[in-house]
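*Asks:* What follows is a single structure, and I will ask about it in a moment.
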């Protein structure tokens with residue numbers, strides 16, 4: 139016979155406890171994993187913000203530095219009060235410029251450009267005016283529009299001639315200066331950024347190249363789908379923090395834009411998601427390895443506990459059967475000892491009455507009495523033997539109903 143239900147539950151108690159501990163452990167591990175996942179993700183975003191602020195602050199400090207020395211970086215002087223052309227020419231002859239990077243030129247309303255040293259150059263209204271002089275006369279053409287150039291109209295410095303303010307110096311943000319002093323690689327050179335002004339379309343990128351043109355065109359070459367470009371530009375023009383996941387050449391990029399503390403500039407950091415969230419990917423890979431190892435350990439331990447519990451149950455069943463067999467043997471011994479007396483009594487009666495019948499053959503009445511009693515004892519003995527045989531058949535499983 140098998141174990142009773144209560145004993146089975148008792149034997150399975152350790153197995154149930156093990157399963158409960160494993161379930162609780164898996165729950166705690168899952169909670170810790172997701173908690174740490176969000177913490178590491180937040181840390182990656184915080185690092186992204188810090189990188190943007192660091193680059194942005196460097197850029198802003200350079201802009202502010204140049205704003206203090208506009209006359210050193212001025213490149214074109216626009217005359218707004220023309221009283222005497224010769225007076226301006228004489229002024230330019232004696233004009234001292236502290237930086238040798240650029241020459242300063244005055245463009246008069248009639249199209250005359252007065253170079254430093256007093257030389258003049260005549261251009262028509264529909265001709266591109268010239269800038270970035272290296273020798274005072276050799277110029278490169280550029281459209282006469284402040285929004286199409288890199289000239290910021292907010293950066294100016296008044297110039298006085300004979301005590302009168304007759305012209306204004308417009309300052310150019312010097313890209314070479316920024317590239318040498320402020321621009322730095324980020325994320326080990328595996329991510330990029332641009333500093334741009336959506337209004338003037340002025341842009342700087344960390345490859346030290348200047349793009350004077352369409353911000354939309356630049357982002358369109360970088361980002362797919364195109365509707366994301368409209369959203370990015372729209373959010374950037376609001377001068378607020380904006381982040382999004384975009385696609386570029388079949389890869390996932392993470393795009394982060396934040397305003398700077400100078401003019402209307404914003405900084406945009408973009409790179410592969412595996413680069414921006416490198417710590418998150420490392421954590422996830424490590425955590426998954428740990429979870430796999432723990433699952434293997436739990437599985438092995440659970441299999442061991444199941445096997446051990448099964449062996450304990452089998453051992454308990456065998457012990458119960460041994461105890462039962464011992465008990466049955468004991469009861470059989472007691473039964474046989476008691477039955478030996480019951481069998482011996484009718485046997486003695488039979489033998490005694492038969493002897494008496496033999497001794498009294500002459501007395502027919504007594505002999506019949508002795509034989510009758512002997513027959514009764516024989517029948518009683520036969521019933522006892524039949525009972526013993528029936529019990530034996532029941533134990534051997536051969537009982538017939």
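Residue numbers (my numbering): 139 to 539.
Every residue gets a Cβ at the ideal spot worked out from N, C-alpha and C, and that includes glycine.
These figures come from a predicted structure and were not determined experimentally.
Which whole-angstrom value is the C-beta distance of residue 541 and residue 182, which I expect to be below 8 Å?
*Replies:* No statement about residue 541 is possible, as the shown extent of the chain runs from 139 to 539 and does not include it.
*Asks:* What does residue 406 pair with, by DSSP beta-bridge criteria?
*Replies:* Answer is 332 and 395.
*Asks:* For a minimum of 4 consecutive residues, which ranges assigned as the alpha helix (DSSP H) are wholly contained in the stretch 405–435?
*Replies:* Counting only runs of 4 or more, we get 411–414.
*Asks:* Does the beta carbon of residue 164 sit closer than 8 Å to a beta carbon anywhere in chain D?
*Replies:* Protein chains in the displayed structure number just one, and chain D is not present.
*Asks:* What are the boundary residues of the alpha helix (DSSP H) that includes residue 324?
*Replies:* Element bounds for residue 324: n/a, residue is neither H nor E.
*Asks:* Applying the 10 Å Cβ sphere with the 16-neighbour rule, what's the burial state of residue 484?
*Replies:* When all chains shown are included, residue 484 counts as buried.
*Asks:* If the criterion is Cβ atoms closer than 8 Å, does the pair residue 429 and residue 167 meet it?
*Replies:* Yes, they are a contact pair.
*Asks:* Tell me the DSSP bridge mates of residue 511?
*Replies:* BP columns for residue 511 are empty, so no partner.
*Asks:* Indicate the three-state DSSP secondary structure (helix, strand or coil) for residue 381 in the structure shown.
*Replies:* Residue 381 falls in the strand class under three-state DSSP.
*Asks:* Under 8 Å, with one C-beta from each stretch per pair, do the stretch 395–410 and the stretch 367–380 reach the 3-pair mark?
*Replies:* Contact between the stretch 395–410 and the stretch 367–380 is present, because at least three Cβ pairs lie under 8 Å.
*Asks:* Distance check for residue 421 and residue 177, CA to CA, integer angstroms please.
*Replies:* Looking at the two C-alpha atoms, the distance is approximately 11 Å.
*Asks:* Any idea what DSSP makes of residue 499, helix, strand or coil?
*Replies:* Here residue 499 sits in coil by DSSP.
*Asks:* Does residue 81 pass the burial test, meaning 16 or more other C-beta atoms within 10 Å, or should it be called exposed?
*Replies:* This structure gives no information on residue 81, because the portion of the chain shown stretches from 139 to 539.
*Asks:* Spell out a yes or no on whether the stretch 464–481 and the stretch 510–522 are touching, meaning 3 or more CB-CB pairs, one atom from each, closer than 8 Å.
*Replies:* Yes: the two stretches touch, three or more of their Cβ pairs being nearer than 8 Å.
*Asks:* Would you say residue 512 and residue 491 are within 8 Å of each other, going by their C-beta atoms?
*Replies:* Result yes, Cβ atoms of residue 512 and residue 491 sit closer than 8 Å.
*Asks:* Helix or strand or just coil, what does DSSP make of residue 506?
*Replies:* Residue state, collapsed to three classes: helix.
*Asks:* Would you call residue 329 buried or exposed, if buried means 16 or more other Cβ atoms sit within 10 Å of its Cβ?
*Replies:* It counts as buried.
*Asks:* If residue 115 sits next to residue 162, beta carbons under 8 Å apart, how far is it from one beta carbon to the other, in whole angstroms?
*Replies:* Only positions 139 to 539 of the chain appear in the structure, and residue 115 is not among them; the question remains open.
*Asks:* Specify the secondary structure class of residue 376 as computed by DSSP and reduced to three states.
*Replies:* Reduced to three states, the DSSP call for residue 376 is coil.
*Asks:* Within 7 Å: the Cβ of residue 415 and any heavy atom of the ligand GDP?
*Replies:* No copy of the ligand GDP occurs in the structure displayed, which carries no ligand at all.
*Asks:* Assuming residue 443 contacts residue 153 under a Cβ cut-off of 8 Å, what Cβ separation, rounded to an integer in Å, is found between them?
*Replies:* Indeed, because the Cβ distance is near 5 Å, the residues count as touching under 8 Å.
*Asks:* Around the Cβ of residue 392, are there at least 16 other Cβ atoms within 10 angstroms (buried) or fewer (exposed)?
*Replies:* Residue 392 should be labelled buried.
*Asks:* Taking the alpha carbon of residue 416 as the point to measure from, which residue in 165, 179 and 171 has its own alpha carbon closest?
*Replies:* Of the candidates 165, 179 and 171, the one whose C-alpha sits nearest the C-alpha of residue 416 is 179.
*Asks:* What is the C-beta distance between residue 193 and residue 431, in whole angstroms, given that I count them as a contact (C-beta under 8 Å)?
*Replies:* With a Cβ gap of about 40 Å, residue 193 and residue 431 do not count as contacting.
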